[in-house]
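S.K.: Sharing a structure here in structure tokens format.
Protein chains: 2
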Amino acid sequence: MKQQAIFRALADPSRRRILKLLQKGSMTAGELAHAFDFTQASLSHHFAVLKAADLVCTQRRGQNIVYSLNSTVFEDISRLVMNLFAVQEGREK
Amino acid sequence: MKQQAIFRALADPSRRRILKLLQKGSMTAGELAHAFDFTQASLSHHFAVLKAADLVCTQRRGQNIVYSLNSTVFEDISRLVMNLFAVQEGREK
DNA sequence: ACATTATTTAGATATTTGTCTAAATATACA
DNA sequence: TGTATATTTAGACAAATATCTAAATAATGT
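Sequence order for the protein chains is X and B. Take the first sequence: its letter number 5 is residue 176 in the working numbering, and every next letter is one higher. Take the second sequence: its letter number 52 is residue 223 in the working numbering, and every next letter is one higher.
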């Protein structure tokens, strides 16, 4: 689990918005792009950052690439945040 | 609650390390600075970012400024992360 | 094989961010 | 009041990041 990649990815508002869009279900790169004013290229960059953090998974379907939330990292992130703030009852086990 | 400030603050590894140090208890700016190779000025900058996100609180004690974790935001952050990943059972209530 | 559509990659540029040094502010104490 | 200590602020600079345009890759259909 790449802690730094995760926090970096979450730091950008557009990327967080991408994640929220994906909550409603998978979307192709093109569909996602419609929700933003950026060029598709810029969006693609954000996808790459999200992928580097394992926050999304991709899957090709014909000419499209379908993005979906990787909710398995959710636990990891929760733990990360916990560990940042849990005021030292941590360390158990 | 300043969502963007919070995520931005957490994105830097030095700042996350500061938070972890503060888990063990309050520390003065100077004490914190010892744990890093940066100049005190640089650290001070990080403090400012953490404060802007309400992640730490400060309190002057004589010539020192004492930093401590503001664990009340912890809930906020948990919720933020939840909302990013909770796959749409959200919206209840 | 060629043209079309969907997406990513490369390279350029502007903005933001992290760090530094030097100067400013604030408290303590003689 | 003056000096020492602790911390922050200001300004400069380099590195990282977000965005763009143009070119490259990949699949589809003719």
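All residues carry an ideal CB built from backbone N, CA and C; glycine is no exception. Predicted model, so just to flag it, every value in this text is computed and none were measured.
1. Do you know how far the Cα of X:N235 is from the Cα of B:H216?
2. So with CB distances below 9 Å, who are the chain X contacts of B:A248?
3. Whose C-beta lies closer than 8 Å to the C-beta of B:T199 among residues of the same chain, with five residues either side of it excluded?
4. For a quick check, are the C-beta atoms of X:L240 and X:R186 less than 9 Å apart?
5. With DSSP as the reference, label X:A239 as helix, strand or coil.
6. Short of 7 Å Cβ to Cβ, which residues in the region 223–245 of chain X face chain B?
7. Of the residues X:L214, X:A224, X:Q230 and X:N254, which one's Cα is nearest the Cα of X:M172?
8. Taking Cβ-Cβ distances shorter than 7 Å, what residues in chain B pair up with X:L320?
9. Is there contact here, the region 186–197 of chain X with the region 242–259 of chain B, by at least three beta-carbon pairs under 8 Å?
10. Excluding five sequence neighbours on each side, which residues of the same chain lie with their C-beta closer than 6 Å to the C-beta of X:S197?
11. Taking its Cβ as the centre, do 16 or more other Cβ atoms sit within 10 Å of X:R250, making it buried, or is it exposed?
12. Please list, in chain order, the residues of the region 184–199 of chain B that have any C-beta partner in chain X closer than 8 Å.
13. Since B:Q230 is in the beta strand (DSSP E), which residue starts that stretch and which ends it?
14. Excluding sequence positions up to five away, which residues of its chain have a Cβ less than 8 Å from the Cβ of X:P183?
15. Name the one or two DSSP bridge partners that B:M198 has.
16. Between X:F207 and B:A212, what straight-line distance do the alpha-carbon atoms span, to the nearest angstrom?
M.R.: Per the coordinate set shown:
1. 44 Å
2. A small fix is needed here, since residue 248 of chain B is Ile in this sequence, not Ala. Here the neighbours are V252, L255 and F256.
3. R232, N235, I236, V237 and Y238
4. no
5. According to the sequence provided, residue 239 of chain X is Ser. The question's Ala does not apply to it. If DSSP states are grouped into helix, strand and coil, X:S239 belongs with the strands.
6. L240, S242 and F245
7. X:A224
8. With chain X covering only 172 through 264, there is no way to say anything about residue 320 of chain X.
9. yes
10. V237 and S239
11. exposed
12. P184, R187, L190, K191, Q194 and K195
13. V227 to R232
14. First, the amino acid is wrong: residue 183 of chain X is Asp here, not Pro. Same-chain partners within the cutoff: H217 and V220.
15. B:Y238
16. 38 Å
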